[in-house]
Each structure stands twice: as C-alpha cells, then as structure tokens.
Amino acid sequence: MDLKNITRRDFIKSTALLAGATAINPVNLLKFKPVGNLTITWNSDSHAHLKPVLYREPSVNIGPHLMNGRPGHLVGDAFNLYYDINPDSAMGYFCSYVDFVKHEKQYGLMGGYAHMASVFNKIKAERHNKTIQLDTGDAWQGTGVALLSKGMAVVNTQNAMGYDAMTGHWEFTYGEKQLLSNIKKLKFPFIAQNVTNATWGGLIFKPYIIKEVNGLRVGIIGQAFPYVPLAHPSHFVKNWNFGIDTSHAQKMVNELKNKEKVDLVVVLSHNGLEVDRKFASLINGIDIIVGGHTHDILPAPQIINNTIIVQAGTHGKFVGRIDLNVQNKKIIDYDHKLIPIVTDWIKPDPEISKIIDEEYAPYEHVLNEKLGITEDLLYRRATFVSTVDNVAQQAFIEKFDTPLFFAPGWRWGETLIPGSDITMENVYGEYGTTYPEVYKTLLTGKQLLLSQLSVLSDVFAKDAYLQMGGDATRVSNSKFHLLLNESLHKRIKSWEINGKPLDLTKKYWAVSTGGKMQNMNAADKGLTKFNASDVIAEYIRNHKTIKSIKTEDVIYRHSRTAG
C-alpha cells in the first residue's frame with residue numbers, strides 16, 4: 004500500500020466519522036469493522052483527569068502563516084468542514100468550540116479513565132491477542148489528586164489498565180528522583196530515546212521495546228518531550244540532557260529493522276504535531292507515529308514520508324484506534340478511528356472506578372471545597388487570551404496591587420460552564436504544578452519586551468523544531484499589536500500598558516508564575532511567600548461569584564481557518 008498516493012478524502016471516508024448516516028451515537032460509538040492482524044490503541048495527554056471533565060477546544064489556534072489552514076491550526080467551523088463533521092453531533096461537540104454550552108447540555112461530560120478502560124477492554128476482547136495499548140505522556144500532571152499524590156494516583160490507575168508503554172513530558176516536573184521512583188512502580192515501560200546523562204551521555208531510559216503480538220514483532224521507540232529544561236525549571240532534570248536527536252532516532256529505527264528484524268516501527272512521541280511532521284520527513288523507516296503534546300485532534304491521520312501520524316486530543320476526550328494489515332514488514336491496509344469518550348454513553352469499568360475512588364479518598368476534604376460560582380464560561384485553551392487566565396489575572400492584580408501579571412500559555416486546563424461551582428479541584432486543574440511559586444520582579448521595559456519576544460518565538464517559529472508547542476503568555480492590562488510572520492525582534496509592533504506605550508528604560512513591577520521571566524533579574528528574582536493556586540482560591544473565596552474580565556487585547560492578522 005503506497006501511503007503517498009492516499010488522499011485526505013480517502014482517509015476521511017474510512018474513519019466512519021462523517022455526518023449523516025454514520026454520525027456517532029450511543030449505538031455505534033464503538034462500531035468498527037476490524038482490519039488486518041494488529042490493532043494499536045492509545046490516549047494522548049490526559050493531564051491526570053482520572054474523572055470525567057469538560058475541555059473546550061480553542062476558538063483561536065493560530066500559527067505561522069505557512070502552517071495555518073491545515074490540521075493543527077484549524078478551529079470551529081473550519082475544522083468541522085475539513086473533516087466533514089456534523090457540528091451538532093457528539094463529534095462536533097468534542098472537536099469544536101462552537102455552541103459549546105448548548106452542546107454540553109445535550110452530550111455532557113468527557114473522558115474519565117474508567118470510561119476509557121471500558122473502551123480499551125472492549126477492543127481487546129474483540130481483537131483477542133492482537134492489540135497494543137499506549138499512552139503518549141502528560142498523564143501524571145494537571146489535577147489536584149495527581150499533584151498531591153506526586154503522580155502516583157495516575158500510576159496506580161494506569162497499572163490496572165493494561166498499557167504496554169508510555170513516554171513523558173510533565174512527568175519530568177516531579178524531578179528526577181520522584182520520576183524514577185514512580186517508574187519503578189509502573190507495570191509497563193517508560194521509554195525515551197532522547198534523554199541522556201548530562202555528564203556521560205548514556206541513555207537514562209530504555210530507548211525502545213519490542214512487542215510480540217499475533218506473530219508480529221513490533222518495535223516501539225520512545226520520544227519524550229525534547230525541551231523539558233527549556234520549558235520548565237531546569238533544576239528538575241539537572242543531570243539529564245534532552246533534545247529531538249533525529250540522528251539517534253534514525254539509528255534506533257535502523258537497529259530495529261536490521262538487527263531486531265521487526266515487522267513494524269512505531270514511534271511513541273511527545274513532540275507535538277508540527278515537530279512530528281518534520282521528524283517524520285527527516286527519518287526513514289518509521290511506519291507510525293503515535294503522538295501527543297499539542298493536544299491536536301486528528302480524525303484522519305497525516306501522512307509524511309510514508310509515515311502515518313496519529314494523535315488523539317487531550318484530557319481523555321478520545322481513545323484512538325488504528326487497525327493494520329501488516330504483511331512482509333509492510334502495511335498493506337489499515338483503518339483508523341477516534342472514539343469520543345462521551346461519558347454518559349459508556350458504562351465505566353467497575354475495577355478502575357474503585358481504584359479512582361480509593362486514590363481520591365485521602366484528598367477529598369481539600370479538593371471538594373466549594374470556593375464560589377462562575378457566571379461565565381471558563382476555559383484555558385486559546386493562542387492569546389483565555390477566560391480562566393483572565394480570572395487569574397484579577398486575583399493576582401488584587402493580591403499584589405500591580406497592573407502586570409504574566410500567566411503561562413499552558414494548553415491544559417479544564418472548562419467550567421456558566422453557573423458551575425468552582426472547587427479547589429478546579430483551581431488545581433488550571434494552576435496545579437510542582438512549581439507554583441509566585442514572583443514579583445522589578446524589570447525594565449526592555450527586559451519585558453525581550454521576555455515576550457522569546458515566548459512568541461516559541462509559539463510562532465517557522466521552523467517546527469524551534470516551537471515549544473504551547474500558547475502565548477497572557478499579560479494583564481496590555482494591548483499588543485503583533486506581526487506574527489515577521490522575524491524574532493519584529494513580532495511586537497507595539498505594546499501598551501494601561502494605555503501608555505511600553506517604555507524600554509522604565510522599570511515595571513511584574514508578577515508571574517509558571518514561567519522564567521523572573522530570571523531576567525538574577526540579583527533579585529522577587530520570590531514571594533505565595534502559591535499560585537492559593538492566591539486564586541483566596542480570590543474566589545472572597546468574591547464568591549466570579550466573572551471573567553478581559554484586560555488584554557491582541558491585534559494580529561487573523562486567519563479564517565485558525566482564528
């Protein structure tokens with residue numbers, strides 16, 4: 004089967020996701036005509052949401068001009084049109100921000116490990132001894148129960164679900180010692196070919212595993228997030244080096260094919276979609292990349308250099324499935340489906356439900372505290388401005404009596420519909436990290452500008468290998484005019500703070516959390532005694548009814564497909 008000659012339409016026609024007669028409903032949710040002799044299932048970027056959750060897709064997901072208009076930078080109606088998805092269907096609700104509140108009333112919550120487990124188990128029963136089950140990482144961080152248990156609540160749940168391998172990203176922010184402790188308790192391998200000892204250069208983890216499935220030898224290479232010490236405080240991994248390491252990856256592919264005589268090479272990747280595209284273009288011999296990091300929903304695979312690239316969104320919203328007919332070390336046929344985990348349509352696995360309840364029990368008195376109610380739709384995901392981070396800005400401005408708060412552009416974070424209670428668990432679901440420190444740092448206007456230019460480079464670099472895969476920092480009381488497709492130092496045409504142009508020589512108090520801008524004042528980073536989650540929780544407790552107030556405006560050239 005020559006994958007180069009298969010069109011997008013061919014893929015879409017085979018995914019059973021079209022509107023009309025094949026629209027997903029409770030009856031045909033798991034309906035799938037099996038293909039061939041191997042099935043790979045996976046979930047991407049659950050961010051530790053053991054229980055069902057809401058996650059709204061972005062209305063703005065813009066990138067460099069050459070990347071807009073294709074998967075990874077499609078939103079709303081453009082996304083649905085590209086994949087022929089009925090916007091009023093469950094799939095439309097899971098894939099788009101359009102009419103999210105209305106559709107939530109019809110379709111309800113998303114994901115949940117007990118519900119994913121039921122789907123995994125049904126596929127295993129159907130494809131007896133023909134399955135491989137993978138996790139692309141970002142599994143141990145993003146909720147209160149994960150943070151308070153140092154990731155072990157998720158480890159214990161995963162161990163009961165039959166995974167065959169995982170790789171990582173936010174897992175590394177627990178630090179080397181805790182990560183290795185957790186991995187020792189995993190009942191399946193944690194793999195990464197691109198993490199080495201900073202002194203001696205040796206690999207820290209197994210670079211790959213080989214699974215014998217239904218008479219096939221399947222090599223699975225791990226590709227952890229390559230920028231951990233750049234995207235997070237480097238002290239978490241001070242003894243380890245990270246990178247994309249295309250040359251070593253090619254060596255691993257060749258070793259699997261020539262020495263180990265595998266029938267199929269799979270890369271379990273946390274690169275992100277754009278990086279995976281370039282990765283696949285530069286490495287020969289990869290059959291499939293099962294990807295994560297950028298939270299992209301791919302109802303139909305991408306094909307680059309005869310490599311099939313798949314990804315299954317985030318927060319447990321989907322289980323991915325790809326069936327393959329592998330003969331003489333080649334894929335001669337396949338079919339693919341993203342299964343939306345519509346919580347109300349799937350009976351949860353009782354064993355996994357019990358484990359989740361047990362993991363939550365020690366922390367329920369903290370996590371269940373009701374702090375207030377939201378009047379607005381609260382969501383995180385957007386390239387520039389989000390309602391969740393607007394609320395965080397209000398909390399920090401009030402606490403520190405300064406107009407500038409810098410919130411990191413993380414892509415994880417749950418959604419709350421208007422009228423919802425806000426609990427401490429919800430706050431952890433937005434700002435629960437292992438580096439919650441808050442800084443109040445005195446910086447010059449020039450330092451602020453350089454900091455923001457650096458962030459924009461991470462988001463809008465034209466070379467995919469220079470992208471970090473996150474969104475732009477949110478900055479309160481600011482108006483930006485951005486030229487996204489210009490070179491590094493020209494991307495910010497203007498920046499006003501409280502209506503006045505940024506003065507490069509003036510000094511400003513900047514409050515921040517979750518980033519690195521405080522490092523620009525090495526003499527006095529301005530570490531405070533406060534924890535980010537506590538500041539936000541205190542604000543909600545005090546105000547009770549919360550409204551998201553936008554104080555940031557970003558002017559840029561819009562894309563009709565990416566917002």
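Numbering (the numbering used here), first residue to last: 4 to 566. Quick reminder that beta carbons are idealized off the backbone N, C-alpha and C, glycines included.
1. Using 8 Å as the cut-off, can you tell me whether the region 489-499 makes contact with the region 424-431, which would need three or more C-beta pairs spanning the two stretches below that distance?
2. Using a Cβ distance threshold of 8 Å, determine whether the region 548-562 contacts the region 394-412, with at least three qualifying pairs required.
3. Please report how far the alpha carbon of HIS339 lies from the alpha carbon of PHE175, in whole angstroms.
4. Rank GLY473, ALA565, GLN450 and GLN470 by C-alpha distance to the C-alpha of ALA525 and give the top, closest one.
5. With hydrogens ignored, establish whether the beta-carbon of PHE97 is closer than 8 Å to any heavy atom of the ligand NAD.
6. For the alpha helix (DSSP H) holding ILE88, just list the boundary residues, first then last.
7. Drop a sphere of 10 angstroms on the beta-carbon of SER237, count the other beta-carbons inside from all chains shown, and report buried for 16 or more, exposed for fewer.
8. Tell me which residue opens and which closes the beta strand (DSSP E) that LEU530 is part of.
9. Are the region 192-212 and the region 237-252 touching, with three or more C-beta to C-beta distances below 8 Å?
10. Per DSSP, which residues does LEU446 bridge with? Please list them.
11. Is it right to say HIS235 is buried, meaning 16 or more other beta carbons lie within 10 angstroms of its own, or is it exposed?
12. In the DSSP assignment, what residue or residues form a beta bridge with VAL2?
13. Report the option in LYS528, ALA395, ALA565 and ASN371 whose CA atom is closest to the CA atom of ILE539.
14. Given this structure, state the Cα-to-Cα distance separating SER562 from ASP379, to the nearest angstrom.
15. Using 9 Å as the threshold, is the C-beta distance between MET70 and ALA535 below it?
16. Only counting the same chain, and skipping five residues up and downstream in sequence, which positions put a Cβ closer than 7 Å to that of VAL388?
17. Which term fits GLU367, buried or exposed, when burial requires 16 or more other beta carbons within 10 angstroms of its beta carbon?
18. Please classify ARG560 as buried or exposed, where buried requires at least 16 other C-beta atoms within 10 Å of its C-beta.
19. Considering only their Cβ atoms, is the gap separating ALA195 from GLY154 smaller than 9 Å?
20. Please report the residue range of the alpha helix (DSSP H) in which HIS484 lies.
21. With a threshold of 16 other CB atoms inside 10 Å of the CB of LEU530, please say whether the residue is buried or exposed.
22. Answer yes or no: do HIS296 and PHE228 have a C-beta to C-beta separation smaller than 9 Å?
23. Just to confirm, is the Cβ distance from GLY66 to GLY79 under 9 Å?
24. How is ALA128 classed by DSSP in three states: helix, strand or coil?
25. Determine the burial state of PRO365: buried for a count of at least 16 other Cβ atoms within 10 Å of its Cβ, exposed for fewer.
26. Please classify TRP173: does DSSP put it in a helix, a strand, or coil?
27. Starting from GLN396, trace the alpha helix (DSSP H) in both directions and tell me its first and last residue.
28. Hey, out of ARG324, GLU361 and THR170, whose CA is closest to VAL270's CA?
29. Under the three-state reduction of DSSP, which class applies to VAL369: helix, strand or coil?
30. Can you give the beta carbon distance from PHE408 to GLY518, rounded, assuming they're within the 8 Å contact cut?
31. Alpha carbons only, please: which of GLU362, ARG59, PHE239 and SER479 is nearest the one belonging to GLY111?
Well, looking at it:
1. no
2. yes
3. 31 Å
4. GLN450
5. In terms of ligand content, the structure shown is empty, and the ligand NAD therefore cannot be addressed.
6. Segment: none, ILE88 is in no alpha helix (DSSP H) and carries neither H nor E.
7. exposed
8. 530-534
9. yes
10. TYR511
11. buried
12. An answer regarding residue 2 cannot be provided, because it is not within the stretch 4 to 566 covered by the chain.
13. ALA395
14. 26 Å
15. no
16. ARG477, LYS553, GLU555 and VAL557
17. exposed
18. exposed
19. no
20. Careful: HIS484 lies outside any alpha helix (DSSP H), inside the beta strand (DSSP E) at 481-485.
21. exposed
22. yes
23. no
24. helix
25. exposed
26. helix
27. 390-403
28. THR170
29. helix
30. About 11 Å; that fails the 8 Å criterion.
31. ARG59
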